[in-house]
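Q: In my numbering, the protein residues as written are 14 to 168.
Ideal placement from N, C-alpha and C gives every residue a C-beta, glycine not left out.
1. Since residue 149 is in the alpha helix (DSSP H), which residue starts that stretch and which ends it?
2. Give the DSSP-derived three-state secondary structure of residue 74 in the structure shown.
3. Tell me whether the beta-carbon of residue 71 lies closer than 8 Å to the beta-carbon of residue 155.
4. Leaving aside the five residues before and after residue 50 along the sequence, list all residues of the same chain whose C-beta is less than 6 Å from its C-beta, in chain order.
5. Which class does residue 166 belong to by DSSP, given the choice of helix, strand or coil?
6. For residue 37, does the count of other Cβ atoms within 10 angstroms reach 16, so buried, or fall short, so exposed?
7. What span of residues does the beta strand (DSSP E) with residue 133 cover, start to end?
8. Find the nearest neighbour of residue 108 within the set 135, 29, 77, 137, judged by alpha-carbon distance.
9. Considering only the beta carbon of each residue, do residue 130 and residue 92 sit closer than 8 Å?
10. What did DSSP end up calling residue 106 once you bin it into helix, strand or coil?
11. Are the Cβ atoms of residue 101 and residue 33 separated by less than 8 Å?
12. Let me make sure I understand the geometry here. Which of 105, 57, 75, 86 has the alpha-carbon closest to that of residue 63?
13. Straight-line CA distance for residue 75 to residue 58?
14. CA-CA distance, residue 148 and residue 26?
15. Taking just the CA atoms, how far does residue 125 sit from residue 103?
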């Protein structure tokens, strides 16, 4: 295990989850998305994101993983809550999955997950290998592409 890997691991799941949510917030703001957070933590999503025009609102559940699943040589992310509930039929829900060792995001619509309880991601494989690889760094799924770009030559 490399020193940087050992020091980046968190012993508390909640602490790691907060870090991954902060990373998502940074990445979304960097892409000029508008991000809101519910006041209480009882919802099945962490953020509401919309484009600058305010046309598209998506609920985002942020997930993160630090370790590879040795059995499948990929990264497994559980999407169901501990009580077994899921919201895969919610067309406005997006799973934002962060793979820490590769510093990459998968922006996966809930409707693409179907009814499985987890997804396996393979960020070090070639594009197109693996069902969810088409969602790697797919930040466009959070916005309406037609209204996303606005003129920035105002000054």
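A: This is what the structure gives:
1. Neither: residue 149 is in no alpha helix (DSSP H) and is coded neither H nor E.
2. strand
3. yes
4. 60
5. Bear in mind that a pLDDT of 40 at residue 166, under 50, signals an unreliable position, so the model cannot answer this.
6. buried
7. 131–134
8. 77
9. yes
10. strand
11. no
12. 105
13. 8 Å
14. 25 Å
15. 10 Å
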